[in-house]
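Trainee:
2 protein chains.
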Amino acid sequence: MDRSELDDFLDEQELDGYAFYDDESNSDCYYLTGFGAPDPFFAVYTPDETAALVSSLEYGRAKKEGRLDRVARLTDYGLQEKRREHSAEKATELVQAEFLADLGCESVAVGRDFPVGAADGLRNQGVSVVPDDEGIVGDIRAVKTDEEVDNVRSAQRANEAAMARAEELVAEASVDEDGVLHRPDGEVLTCEFVKQEIEISLLRNDCALDETIVACGEDAADPHDRGSGPIHANEFVIVDIFPKDKASKYHSDMTRTFLKGEPSETQREWYEVTDEARRAALDVVEAGATGDAVNQAVVDVYRDAGYPTIFTDPGTETGFIHSTGHGVGLDVHEGPSVSRDGEELQAGHIITIEPGLYDPAVGGVRIEDIVVVTEDGYENLVDYPVELVVD
Amino acid sequence: MDRSELDDFLDEQELDGYAFYDDESNSDCYYLTGFGAPDPFFAVYTPDETAALVSSLEYGRAKKEGRLDRVARLTDYGLQEKRREHSAEKATELVQAEFLADLGCESVAVGRDFPVGAADGLRNQGVSVVPDDEGIVGDIRAVKTDEEVDNVRSAQRANEAAMARAEELVAEASVDEDGVLHRPDGEVLTCEFVKQEIEISLLRNDCALDETIVACGEDAADPHDRGSGPIHANEFVIVDIFPKDKASKYHSDMTRTFLKGEPSETQREWYEVTDEARRAALDVVEAGATGDAVNQAVVDVYRDAGYPTIFTDPGTETGFIHSTGHGVGLDVHEGPSVSRDGEELQAGHIITIEPGLYDPAVGGVRIEDIVVVTEDGYENLVDYPVELVVD
Numbered sequence: 001m002d003r004s005e006l007d008d009f010l011d012e013q014e015l016d017g018y019a020f021y022d023d024e025s026n027s028d029c030y031y032l033t034g035f036g037a038p039d040p041f042f043a044v045y046t047p048d049e050t051a052a053l054v055s056s057l058e059y060g061r062a063k064k065e066g067r068l069d070r071v072a073r074l075t076d077y078g079l080q081e082k083r084r085e086h087s088a089e090k091a092t093e094l095v096q097a098e099f100l101a102d103l104g105c106e107s108v109a110v111g112r113d114f115p116v117g118a119a120d121g122l123r124n125q126g127v128s129v130v131p132d133d134e135g136i137v138g139d140i141r142a143v144k145t146d147e148e149v150d151n152v153r154s155a156q157r158a159n160e161a162a163m164a165r166a167e168e169l170v171a172e173a174s175v176d177e178d179g180v181l182h183r184p185d186g187e188v189l190t191c192e193f194v195k196q197e198i199e200i201s202l203l204r205n206d207c208a209l210d211e212t213i214v215a216c217g218e219d220a221a222d223p224h225d226r227g228s229g230p231i232h233a234n235e236f237v238i239v240d241i242f243p244k245d246k247a248s249k250y251h252s253d254m255t256r257t258f259l260k261g262e263p264s265e266t267q268r269e270w271y272e273v274t275d276e277a278r279r280a281a282l283d284v285v286e287a288g289a290t291g292d293a294v295n296q297a298v299v300d301v302y303r304d305a306g307y308p309t310i311f312t313d314p315g316t317e318t319g320f321i322h323s324t325g326h327g328v329g330l331d332v333h334e335g336p337s338v339s340r341d342g343e344e345l346q347a348g349h350i351i352t353i354e355p356g357l358y359d360p361a362v363g364g365v366r367i368e369d370i371v372v373v374t375e376d377g378y379e380n381l382v383d384y385p386v387e388l389v390v391d
Numbered sequence: 001m002d003r004s005e006l007d008d009f010l011d012e013q014e015l016d017g018y019a020f021y022d023d024e025s026n027s028d029c030y031y032l033t034g035f036g037a038p039d040p041f042f043a044v045y046t047p048d049e050t051a052a053l054v055s056s057l058e059y060g061r062a063k064k065e066g067r068l069d070r071v072a073r074l075t076d077y078g079l080q081e082k083r084r085e086h087s088a089e090k091a092t093e094l095v096q097a098e099f100l101a102d103l104g105c106e107s108v109a110v111g112r113d114f115p116v117g118a119a120d121g122l123r124n125q126g127v128s129v130v131p132d133d134e135g136i137v138g139d140i141r142a143v144k145t146d147e148e149v150d151n152v153r154s155a156q157r158a159n160e161a162a163m164a165r166a167e168e169l170v171a172e173a174s175v176d177e178d179g180v181l182h183r184p185d186g187e188v189l190t191c192e193f194v195k196q197e198i199e200i201s202l203l204r205n206d207c208a209l210d211e212t213i214v215a216c217g218e219d220a221a222d223p224h225d226r227g228s229g230p231i232h233a234n235e236f237v238i239v240d241i242f243p244k245d246k247a248s249k250y251h252s253d254m255t256r257t258f259l260k261g262e263p264s265e266t267q268r269e270w271y272e273v274t275d276e277a278r279r280a281a282l283d284v285v286e287a288g289a290t291g292d293a294v295n296q297a298v299v300d301v302y303r304d305a306g307y308p309t310i311f312t313d314p315g316t317e318t319g320f321i322h323s324t325g326h327g328v329g330l331d332v333h334e335g336p337s338v339s340r341d342g343e344e345l346q347a348g349h350i351i352t353i354e355p356g357l358y359d360p361a362v363g364g365v366r367i368e369d370i371v372v373v374t375e376d377g378y379e380n381l382v383d384y385p386v387e388l389v390v391d
C-alpha cells in the first residue's frame with residue numbers, strides 16, 4: 001500500500017490524522033489497520049503511526065493480527081473509572097479524545113459514514129472532525145497490488161465452480177408439462193435450491209456467504225430481486241454470484257444468464273445485444289480511459305439497437321436501468337465508478353462490466369465479467385463461457 | 001410493534017422524527033421500516049408515517065416488501081439535476097432536506113451510528129440532528145413479540161442441528177499417537193473443517209452464515225478467537241454458533257464445550273463450576289430482575305470457587321473475562337445487557353447466559369443457553385445436552 005497519497009491528503013487538508021470508529025465491516029479501516037473486530041473500535045492513522053484503541057478482549061488479537069504501530073486498551077485510559085462518573089457515551093468520548101491527544105491529533109478526517117455520535121463527542125472535546133467527501137481511502141484501495149489481484153482471482157475461481165454447479169442443476173433438470181423444471185429426484189427446481197447449492201459450493205471453496213441472486217421470469221426484470229420460486233423453461237434465469245474469500249476478505253463478482261429450452265426471438269436478441277454491449281465496453285477498457293467512456297460504449301450499443309437506457313431516457317423503467325459496472329475488492333461494490341460519473345481508470349483497478357436488459361414482460365438478462373485494468377487494456381479474470389441455452 | 005414508546009420519546013425530546021441513512025445491516029431501521037437494501041437509503045419515522053427515499057432500483061421492492069406509508073424516489077426530488085449543479089454529497093444533502101420538509105420534519109433524532117457526513121449535510125440545511133444516546137429503538141426491539149420469539153426459536157432449531165453435526169464429527173474421530181483427531185477418511189479433523197460442516201448444516205436449514213467459533217487448546221482461551229488448526233484429544237473445544245434465519249433475519253446463539261478423551265481434574269472442575277454458574281444465573285432470571293443481578297450470580301459462583309473475574313479483579317486476563325450475556329434478535333448482540341450495567345429485565349427479552357473460564361495454560365470453556373424472560377422466570381429455547389466428554 002502506498003500511504004503517500006493519504007499523507008498528501010492530510011497535509012493539503014491540514015489535518016493531523018484519519019480516524020475510524022467502526023467494526024470489521026469498514027473496509028477502509030481494515031485496509032489501513034489490517035484489523036477488524038465484531039464490535040466497533042477506534043483507530044487512527046497518522047503519517048507517523050497507525051494506532052487502535054480496543055477492548056481488553058480484542059487486545060491480543062489486535063497486536064497479533066493488525067498492522068498497528070500502537071495498540072492501547074480502553075482500560076489504559078480508565079474507561080471503567082470514567083463510566084462511574086459519566087454516561088457510557090461521555091466516557092467513550094473522553095477516552096477517545098485522550099487517545100487522540102497522545103497521538104498528537106487535534107484534527108482528524110473521517111469517512112462520511114463515521115458515526116455522528118462519536119463525531120459530536122470528539123468535537124465536544126475540541127477535536128476538529130472533518131468528513132472526507134473525497135473518499136480518499138477508497139480511491140487508494142481501488143488500485144490493487146498484485147497480491148490483491150490474486151485474492152480476487154482466488155475468489156473468482158470459487159465463483160466459477162459455484163456457477164458451474166448452478167448451470168449443472170439447470171442442465172440436468174427435466175421439464176414438466178407446465179414448463180416447470182424438476183431435479184433428477186423429482187423435486188421442483190427452485191431459485192432457493194440453486195442458491196443453496198451455490199452457497200455450499202462457495203463454502204467448500206473457503207468463501208463466505210454473501211447473498212446470491214438466482215432470479216427467473218418477472219423477478220429477473222428487477223436487478224435487485226434475489227429471486228424465488230420454481231424455475232421455468234424458456235425463461236431467462238439470471239445467476240449473479242459475488243463471493244468473499246474468507247481468508248483474504250476480497251470479493252469477486254460474475255453474472256451469467258441461462259435459459260433451459262428454446263429462447264424466443266426476443267430473448268435471443270436481448271442476449272446477443274447484451275453480449276455485444278459487454279464486448280464493446282471491454283474494448284474501451286484501459287488505463288486512461290474513463291469509466292464514463294466504458295459506460296457510454298454499452299449505452300451506444302443498446303441505443304443503436306433501439307433499447308431504452310436510463311442514460312438516454314432518464315425516466316425509463318425498462319431496458320438498461322443500471323450502470324455498466326463498479327470496482328470490486330474488500331467491498332463487493334467500491335470504486336472506481338463505471339458509469340456516467342466515472343473518472344479515469346488506472347492500471348490495477350478491478351472493475352465489473354455488466355450490461356443488462358430488463359422488462360417484466362420479458363424478464364431480465366445480464367452478463368457480467370470482472371477484469372483488471374492494465375496499461376494497454378485489461379485482463380479478464382473470468383474463465384467461464386458466455387452461453388444462453390443450457391442443455 | 002408498539003410505537004407509542006417511540007412517539008413518547010420524540011414528544012419528550014421535542015423532535016419531529018427519527019431518521020436513518022443506512023443499508024440493511026441497520027436493524028433499528030429494518031425494524032421500523034420492514035425494508036433493507038444493500039446500499040444506504042434514507043428513512044424517516046414520524047408519529048404520522050414511516051417513509052423512505054430510495055433509488056429507482058429499490059423503489060418496487062420498497063413498495064412491495066416494506067412497511068412504509070410513503071416511498072419516494074431520489075429522481076422525484078431531482079437528484080440528477082442537482083448533481084449537475086452540485087457535488088454528489090451536496091445533491092444528496094439537498095434531496096434529503098427536501099424530503100424531510102415534505103414530511104414536516106425540522107428536527108430528527110438519529111442513532112449514534114448515523115453517518116456524520118449526512119448529519120452535517122442536514123444540519124447545513126437547517127435541520128436539527130440529535131444523536132439518540134438512549135438507543136430508544138434498541139430498547140423497543142429488545143422486547144420480543146410471540147412471532148419474534150418463534151423466529152429465534154426457528155434459528156435455534158437450525159443451531160442445534162449444526163451443533164449435533166459438530167459433536168458427531170468429534171465423536172466419530174479417532175485419535176492418533178500425537179493426540180490429533182482424525183476423520184473416518186483419515187484426514188486430520190481441523191477447526192476449519194468443523195466450521196465448514198456447521199455452516200453447511202445451517203445453510204441446509206435456511207440460515208445465513210454468520211461467523212462460527214470452533215476453537216481448541218490455547219485458542220479457546222481467547223473468547224474472540226474463531227479457531228484454527230487440528231483438534232487434539234484431552235483439550236477443550238469451544239463451539240459457539242450464532243446463525244441468522246434467512247427469511248426472518250432473527251438470530252439465535254448457543255455454545256457448548258466438548259472434549260474428546262479424558263478430562264484432567266482441572267478441566268472437569270472448570271466445566272462443572274461453569275455449568276453451576278449457568279444454572280445460578282438462570283435461577284435469577286425473571287421479569288423485574290436486573291441484568292446486573294444475573295451477572296452477579298455468575299460472578300459469585302466463580303468467586304466462591306476461587307476463580308478471578310473482571311468484575312472482582314478488573315485487571316485479570318484469565319478466569320471469567322467477559323459478561324454473562326446479551327440480548328439476541330435482529331442483531332446477534334443487542335439489548336438488554338446482562339452485565340454489571342444491566343437494567344431491569346422485561347418479559348419478552350431474549351438473552352444469552354454464557355459463563356466461561358479462560359487461561360492459555362488450560363484453554364477455555366463456555367456454556368451458553370438462550371432464554372426468553374417471562375413474568376416468573378424464563379423459557380430456555382435450547383434443547384441440547386450439557387455434556388463435556390464426547391465419545
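So the sequence lines, in the order shown, correspond to chains A and B.
1 is the number of the first residue of the first sequence in full-length UniProt numbering; add one for each residue after it.
1 is the number of the first residue of the second sequence in full-length UniProt numbering; add one for each residue after it.
Where is the CB? At the ideal position from N, CA and C, for every residue including glycine.
Model, not experiment: these values are computed from the prediction.
To which residues does DSSP link B/ALA208 through a beta bridge?
Mentor: B/ALA208 is bridged to B/LYS244.
Trainee: For A/LEU203 and chain B, any beta-carbon pair shorter than 8 Å?
Mentor: Chain B, which has a Cβ nearer than 8 Å to the Cβ of A/LEU203, makes this yes.
Trainee: Since A/ILE231 and A/VAL170 should fall inside the 8 Å C-beta cutoff, what is the C-beta to C-beta distance between them, to a whole number of angstroms?
Mentor: Confirmed, Cβ separation roughly 7 Å.
Trainee: Considering only DSSP beta bridges, list what A/HIS232 is partnered with.
Mentor: Answer is A/VAL180.
Trainee: Give a yes or no on whether the minimum CB-CB distance between B/GLY117 and chain A is below 8 Å.
Mentor: It does: the Cβ of B/GLY117 has a partner Cβ on chain A nearer than 8 Å.
Trainee: Quick one: list the residues of chain B neighbouring A/ASP139, beta-carbon separation under 9 Å, in chain order.
Mentor: None at all; the shortest Cβ gap to chain B is about 14 Å.
Trainee: Please confirm whether B/LYS63 and B/VAL175 have their CB atoms less than 8 Å apart.
Mentor: In this structure, B/VAL175 does not lie closer than 8 Å to B/LYS63 by Cβ.
Trainee: How about B/ALA161 and B/SER201: do their beta carbons lie closer than 8 Å?
Mentor: Yes; because the gap between Cβ atoms is below 8 Å, this pair is in contact.
Trainee: Does the CB of B/VAL129 have a neighbour CB from chain A at under 8 Å?
Mentor: Chain A, which has a Cβ nearer than 8 Å to the Cβ of B/VAL129, makes this yes.
Trainee: Between the C-alpha atoms of B/LYS144 and B/ILE310, what's the straight-line distance to the nearest angstrom?
Mentor: Cα to Cα, the separation comes out at about 30 Å.
Trainee: Answer with yes or no whether the minimum CB distance from A/SER339 to chain B is below 8 Å.
Mentor: It does not: the Cβ of A/SER339 has no partner Cβ on chain B nearer than 8 Å.
Trainee: Mind listing the chain B neighbours of A/ILE370? Cutoff is C-beta to C-beta under 9 Å, in chain order.
Mentor: Under the 9 Å cutoff, chain B gives no residues; its nearest Cβ is about 17 Å from A/ILE370.
Trainee: Would you mind reading off the limits of the beta strand (DSSP E) that contains A/GLU106?
Mentor: Looking at the DSSP string, A/GLU106 is not in any beta strand (DSSP E), and its letter there is neither H nor E.
Trainee: Can you check whether the CB of B/PHE42 is closer than 8 Å to the CB of B/LEU57?
Mentor: In this structure, B/PHE42 does not lie closer than 8 Å to B/LEU57 by Cβ.
Trainee: Comparing the C-beta of B/GLU58 with each C-beta of chain A, is any distance below 8 Å?
Mentor: Chain A, which has a Cβ nearer than 8 Å to the Cβ of B/GLU58, makes this yes.
Trainee: Here's a check: name, in chain order, each residue in its chain whose Cβ is nearer than 8 Å to the Cβ of A/VAL285, leaving out the five neighbours to either side.
Mentor: Once the five neighbours on either side are set aside, the close Cβ partners of A/VAL285 are VAL294, LEU345, ILE351, ILE353, VAL371, VAL373, GLY377, TYR378.
Trainee: Compute the Euclidean distance between the alpha carbons of A/ALA164 and A/ASP240, then round it to the nearest angstrom.
Mentor: Each residue's alpha carbon lies about 12 Å from the other.
Trainee: Taking the continuous alpha helix (DSSP H) assigned at B/VAL365, which residues delimit it?
Mentor: Run containing B/VAL365: none in the alpha helix (DSSP H); it sits in the beta strand (DSSP E), 363-366.
Trainee: List the residues that DSSP assigns as beta-bridge partners of A/HIS251.
Mentor: Answer is A/LYS244.
Trainee: Cβ of B/GLU343 within 8 Å of Cβ of B/GLY306?
Mentor: Their beta carbons are not under 8 Å apart, which means B/GLU343 does not touch B/GLY306 by this criterion.
Trainee: What are the boundary residues of the alpha helix (DSSP H) that B/LEU53 is part of?
Mentor: Not the alpha helix (DSSP H): B/LEU53 falls in the beta strand (DSSP E), residues 50-54.
Trainee: What three-state label does DSSP hand B/THR266 in the structure shown?
Mentor: Helix, per DSSP.
Trainee: Taking all protein chains shown into account, do 16 or more other C-beta atoms lie within 10 angstroms of the C-beta of B/ASP146, making it buried, or fewer, making it exposed?
Mentor: When all chains shown are included, B/ASP146 counts as exposed.
Trainee: Can you list the residues of chain A that B/GLN80 reaches, using a CB-CB cut of under 8 Å?
Mentor: Result: PRO314.
Trainee: By DSSP, does B/LYS90 sit in helix, in strand, or in coil?
Mentor: In the structure shown, B/LYS90 sits in a helix (DSSP, three-state: H, G or I).
Trainee: DSSP has A/TYR358 in a bridge; who is on the other side?
Mentor: Paired residues: A/GLY319, A/GLY364.
Trainee: Below 8 Å on the Cβ atoms is my guess for A/TYR45 versus A/GLY66; work out the distance and round it to an integer in Å.
Mentor: Rounded, the Cβ-Cβ distance is 12 Å, inconsistent with contact.
Trainee: Taking only the alpha-carbon atoms, compute the straight-line gap between B/VAL382 and B/ALA289 and give it to the nearest angstrom.
Mentor: So the alpha carbons of these two residues sit roughly 21 Å apart.
Trainee: So is A/ARG61 in contact with chain B if we call contact Cβ pairs under 8 Å?
Mentor: So, interface residue.
Trainee: Pick out the complete alpha helix (DSSP H) segments inside the stretch 112-168 of chain B, 4 residues or longer, and give them in chain order.
Mentor: Counting only runs of 4 or more, we get 116-124, 136-142.
Trainee: Helix, strand or coil, according to DSSP, for B/TYR45 in the structure here?
Mentor: DSSP places B/TYR45 in strand when its eight states are reduced to three.
Trainee: Which residue or residues does DSSP assign as beta-bridge partners of residue 393 of chain B?
Mentor: With chain B covering 1 to 391 only, the question about residue 393 of chain B has no answer from this structure.
Trainee: If you follow the alpha helix (DSSP H) that A/GLY288 is in, where does it begin and where does it stop?
Mentor: Note, A/GLY288: premise wrong, no alpha helix (DSSP H); not H, not E.
Trainee: Please report the straight-line C-alpha distance between A/ALA215 and A/VAL237, rounded to a whole angstrom.
Mentor: So the two alpha carbons sit approximately 6 Å from each other.
Trainee: Nearest chain B C-beta to A/ALA177 closer than 8 Å, yes or no?
Mentor: For clarity, residue 177 of chain A is Glu in the given sequence; the question names Ala instead. No, A/GLU177 lies away from the interface with chain B (no Cβ there is under 8 Å from its Cβ).
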